[in-house]
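Here's the structure, in C-alpha cells; my notes come after.
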Amino acid sequence: MNASNLIVAGLAFSMSVSAFAAGTHGGGHGHGASIGEPGKASEASRTITVEMHDNYYEPEEIRVKPGETVRFVVQNKGNLVHEFNIGTPGMHEAHQKEMRMMVEHGVIQGNKLNHDMMNMDMGNGHSMKHDDPNSVLLEPGQSREVVWTFANQGNIEFACNVPGHYQSGMYGDVNFE
Amino acid sequence: MNIRLGAVVLCLLMPSLALAGEYDLTVDRVEIDTGDFVKQGIGYNGKSPGPVLRFKEGETVRINVTNNLDEMTSIHWHGLILPYQQDGVPGISFPGIKPGETFTYEFPIQQAGTYWFHSHSGFQEPDGAYGALVIEPEGREPFRYDREYVVQLTDKHPHSGDRIMRNLKMMPDYYNRKQQTVGEFFSDSSEQGFWNTVRDRLAWGDMRMMKADVEDLQGFTGLINGKGPEQNWTGLFEPGERIRMRFINSSAMTYFDVRIPGLDMTVVQADGNNVQPVTVDEFRIGVAETYDVIVRPRDEQAYTIFAESMGRSGYARATLAPEAGMEAAVPPLREPARLTMADMGNMHGMDHGNMDMGSSDDMAGMDHSSMAGMDHSGMSGMDHGSMMMDNQAQQDPFYARGSGLVPTAANGGKFLSYADLRAQNPLYEEREPTREIELRLTGNMERYSWSINGVKYEDADPIRLKYGERVRFKFVNETMMTHPMHLHGMWSILDVGAGQWNPIKHTINVNPGTTVYMETEVDEPGQWAFHCHLSYHAAAGMFRKVIVEGGPDSQQAKTEVMAEDGGEA
Chain A
1 MNASNLIVAG LAFSMSVSAF AAGTHGGGHG HGASIGEPGK ASEASRTITV EMHDNYYEPE
61 EIRVKPGETV RFVVQNKGNL VHEFNIGTPG MHEAHQKEMR MMVEHGVIQG NKLNHDMMNM
121 DMGNGHSMKH DDPNSVLLEP GQSREVVWTF ANQGNIEFAC NVPGHYQSGM YGDVNFE
Chain B
1001 MNIRLGAVVL CLLMPSLALA GEYDLTVDRV EIDTGDFVKQ GIGYNGKSPG PVLRFKEGET
1061 VRINVTNNLD EMTSIHWHGL ILPYQQDGVP GISFPGIKPG ETFTYEFPIQ QAGTYWFHSH
1121 SGFQEPDGAY GALVIEPEGR EPFRYDREYV VQLTDKHPHS GDRIMRNLKM MPDYYNRKQQ
1181 TVGEFFSDSS EQGFWNTVRD RLAWGDMRMM KADVEDLQGF TGLINGKGPE QNWTGLFEPG
1241 ERIRMRFINS SAMTYFDVRI PGLDMTVVQA DGNNVQPVTV DEFRIGVAET YDVIVRPRDE
1301 QAYTIFAESM GRSGYARATL APEAGMEAAV PPLREPARLT MADMGNMHGM DHGNMDMGSS
1361 DDMAGMDHSS MAGMDHSGMS GMDHGSMMMD NQAQQDPFYA RGSGLVPTAA NGGKFLSYAD
1421 LRAQNPLYEE REPTREIELR LTGNMERYSW SINGVKYEDA DPIRLKYGER VRFKFVNETM
1481 MTHPMHLHGM WSILDVGAGQ WNPIKHTINV NPGTTVYMET EVDEPGQWAF HCHLSYHAAA
1541 GMFRKVIVEG GPDSQQAKTE VMAEDGGEA
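Residue numbers (the working numbering), protein chains in the order written: chain A, 1 to 177; chain B, 1001 to 1569.
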C-alpha cells in the first residue's frame, strides 16, 4: 500500500452512498422499489439463521410476508471472508465494484479482514468500514445479526459481493408470500 | 422431502449400482471430419472425442476397455488419484492392452471435478484417442449453475502423429510457417539499423531457435467437442441462466487463449480443484489443463466461444446461443506474439529476478525503465498501450520480464494469471518441504531433442522419492518453448506465493526463461510418469519415471515385473 493507492481509494470509495443509489441503474431489475429498511429486533416476527459456506448460503431461498421484520443470524462457517447483503441485483452489481477495490487495497485478504485499513479515514468522511445496516461482512467463524424490515415486494436477493462469489452463485432469493 | 426419502430407499435396494459404476469403452479406428479435412484416427466407442464419462465421488468404477486396434493401446486417467497399476502408462503402470484384449480398470473415485482421459501409447492421443471425465462431488457443488457443458479443445492436424514426429525429427521447423523472412530482415534493418539486426539474428541462431518458435506445430484445425470452426459446436441457454463450462485442453501441442466476447467468465476450478472464484475476460489454457468457468449470458443473442492458439496460427470456435443455428461474429486472429531475448533468460544465465513472488508489492512497483533495453522488435503486433496502461501496472510473474508471450485480454480487461489462483479448500496442511529437486527443462530445437537436465528419458535414471516426504520441484526452463509439466498420481501444488492457499494442479506450465516451483506431498506408493505434455516433446525424451519408495507394504512398486514395452508418450 503506497500513498497513491490510498488517494485512489479515498476518491473512489463511498460505500454507503452508492450502495443505495445504485438501485436506480440496476438494469430494470429493481423496479425502482425500496428494498425495505433497518428494523428493530423487538418487532421481528421470527429469526432466520443463514449459514455462509465457501461459497454458498444455507438456505438459498427465504420466504417473507410483505412488510415483515426478520431477525437474521448470519454465521460464517467457511474458511473465507463472506458478506450477507440484502439488495436488488443492480445494487449488488454496483457493490461488487467496491468490494473489488477492498480486495485490491488489501482490506479483504481471502480469510481475514484488515480492520485498521477499514477504519482509516479516506477523506470526505468516507472509510471502508462496510457498516451499512443491510449487510454484514464476516471473517471465518464470526456471527452477527441483521434485523431488516422488508418492503411489500421487490426483486430482492441476499448476496455475497466478495469478488467472484456472487458470480459463482453465492446468492439467495427473497420471495414474497 | 419425499423425493429425498425415495432416493434413499432406491439406494438401499440397489447397493451395487450406487457403489460401483461399470463402464465400457472400445478403442476403434474412426473417421475424423474437421470441416477443413477428413482423416483416419482413433477414438472411443466409435467416435473422437470419446464419450464424457460421469463418475461420482466415493464410488468404485470398473471400466472395461476393449482394444479393437491392431496395435497396443492404453488409457490414462489424467489427474486422477488412483493405485499406480490403474494409471494406464505402458511400461510404468502396466504392460498395456494388446489388440483384441479387454482390460478392466478398477479404482475408487476419491475426488471431484473436471478431468479427461487419453491413450498413453505412441501418438494415439494426438490421433484422436481422448475423452472427458466429469466427477460429481459427494456433497453439493460450492457454486450454483443452471446447466453445464464440457468444452474440450484439441488441435487436429491432417498428418498422423507418427508422420509429424518423423518430419519434426528430420526438419524441426517443418511445421513452422511463421519464420522471419528475408523481407523482415530488411524492414527490421531500416528500423533498427543493419548491425543491430544482424546481431539479433546471430544471437537467435546461436540458440538454435527461431524467433517465431512459439508453436512448433502449425497447420492444425482447432476443434471444440470434435467440431471445427465451420461446424460450430453450439451450447444452448436461456437468457439469465448461469452456465458452468468445463474447458479441457486435449491438444497435442497447442495452448489456447480463450474468450467469449460480451461475457465475463468466473473461474471456479483449475485442474479439477476448486479455486477461489476470479472473474476474467480471457484466460490461457495450457496443454492438458482444465479450467471451469461460470458465465451468465443475459441477452437473447448468440455468443462466440473463441480460442486462439498462443502463436496465433489457428483457432477453435464454438457458440453459446438461445437457439440452434444462431451465430455471433467471429473475431479475427490477433497478431502473433514473437519471442524476445527475455524469453531466453535462463539460457544466457541472465537473472531477471522474474520469479520473486514473495510479495505482490514488488510487482506493483515494477520498474518500466528497466524495459527500455528490451527487444521491441519482438513485440511487433502487441498492443503496447493496453499492456502498459493495465491498471495494476503489473507484469505477470509467470512470464520472463519483457517476454513476448505475456498475454493481454482482447478487450483490454483482465487476463487470468497463475498468480490469481488460490485454492478454495487446501487439500494439505502447509509444511516445509523435506528437499528440493531441480529439473532443468532442456532441448535442442535444431535436432528436435527435448530432455530434462540434458538427459533424454531412455538414458535417464528414475527420480526416486520417499513415501511421506514433501518434495519441492524447481523447474528451470532453458528452452524457448512453454512446457506443461505433468506428474502422474500425486498433486502438484503450484507455488504462487500464497502459502497454504497455493492452488493444487496436475499440470504446471513453465514459460520460456522462467523458473517455477511446485511441491508434492509424496502420498502414493508405486511408480509414475512425469513429463512434458506436449506430445512430441514427451516422445523426444522430456520424460521421467518417478519411483516412490516405501509406503504401505502391500502397495509398493514391483518394479522388476514391469514390462518395458509399449509407447511412453
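Glycine is no exception: its CB is placed at the ideal position from the N, C-alpha and C atoms.
Being a predicted model, the structure only gives us computed values, none of them experimental.
- The three-state reading of DSSP puts A:S143 in strand, counting E and B together.
- Just measuring C-alpha positions, the residue of B:D1281, B:M1326 and B:A1316 sitting nearest B:Y1303 is B:M1326.
- Using a 10 angstroms sphere on the CB of A:T47, the tally of other CB atoms stays under 16, which defines it as exposed.
- The three-state reading of DSSP puts B:H1483 in strand, counting E and B together.
- Contacts with chain A (Cβ-Cβ distance below 7 Å) from the stretch 1264-1277 of chain B involve T1266, V1268, Q1276 and P1277, listed in chain order.
- Contact annotation for A:G39 against chain B: no contact, minimum CB-CB distance about 28 Å [criterion: below 7 Å].
- Of the other Cβ atoms in all chains shown, fewer than 16 fall within 10 Å of the Cβ of B:V1038; this residue is therefore exposed.
- With respect to chain A, the C-beta atom of B:Q1424 has a partner C-beta closer than 8 Å.
- At a cut-off of 8 Å between beta carbons, A:H53 contacts chain B.
- Contact between A:V162 and A:I62 does not hold, since the beta-carbon distance rounds to 21 Å and is not under 8 Å.
- Taking 8 Å as the threshold, the shortest C-beta distance from A:G141 to chain B does not fall below it.
- No Cβ of chain A is located within less than 8 Å of the beta carbon of B:F1415.
- Only exposed fits A:K65, as fewer than 16 other CB atoms lie within 10 angstroms of its CB.
- For B:E1446, the closest of B:D1146, B:P1049, B:N1167 and B:D1087 by C-alpha to C-alpha distance is B:N1167.
- CA-CA distance, B:E1141 to A:G164, rounds to 15 Å.
- Counting of Cβ neighbours within 10 angstroms places B:E1101 among the exposed residues, the total staying below 16.
- When the five nearest sequence neighbours on each side are left out, the beta carbons in the same chain lying within less than 6 Å of the beta carbon of B:Y1149 are those of G1235 and M1245, in order along the chain.
- Annotation for B:K1169: the continuous alpha helix (DSSP H) segment containing it runs G1161 to M1170.
- About 15 Å separates the Cβ atoms of B:A1328 and B:I1224, ruling out a contact at the 8 Å cut-off.
- Assignment of A:R46 by DSSP, reduced to helix, strand and coil, places it in the strand class.
- The Cβ-Cβ distance between A:L80 and A:G110 falls below 8 Å.
- If you draw a straight line from the Cα of A:V147 to the Cα of A:E51, it comes to about 16 Å.
- Close to chain B, meaning a Cβ-Cβ distance shorter than 7 Å, are the following residues of the stretch 151-173 of chain A: P163, G164, H165, Q167, S168 and G169.
- Proximity of the stretch 1104-1115 of chain B to the stretch 1510-1524 of chain B falls short of the contact definition, fewer than three beta-carbon pairs being nearer than 8 Å.
- For A:L113, there are no C-beta contacts with chain B under 7 Å, since the nearest C-beta of that chain is about 15 Å from it.
- Take B:Q1085, set aside five residues on each side of it, and the residues of its chain with a beta-carbon closer than 8 Å to its own are S1093, F1094 and G1526, in chain order.
- In the three-state scheme derived from DSSP, where H, G and I count as helix and E and B as strand, B:W1491 is classed as coil.
- Within chain A, the C-beta atoms nearer than 8 Å to that of B:T1279 come from P163, G164 and Q167, in chain order.
- Where A:A159 is concerned, the enclosing beta strand (DSSP E) starts and stops at I156 to A159.
- DSSP places A:E104 within a helical segment (H, G or I) once states are collapsed to three.
- Close CB contacts of A:Q96 within its chain, under the 6 Å cut and outside five residues either way in sequence, are with N161 (chain order).
- Distance from the Cα of B:A1409 is smallest, within the candidate group B:V1065, B:G1497, B:F1398 and B:E1308, for B:E1308.
- About 7 Å separates the beta carbons of B:R1147 and B:F1237, which is inside the 8 Å limit, making them a contact pair.
- Fewer than three beta-carbon pairs drawn from the stretch 1524-1544 of chain B and the stretch 1493-1506 of chain B are found closer than 8 Å, and the two stretches are therefore not classed as touching.
- The DSSP-derived three-state label of B:D1257 is strand.
- At least 8 Å separates the beta-carbon of B:V1275 from that of B:L1082.
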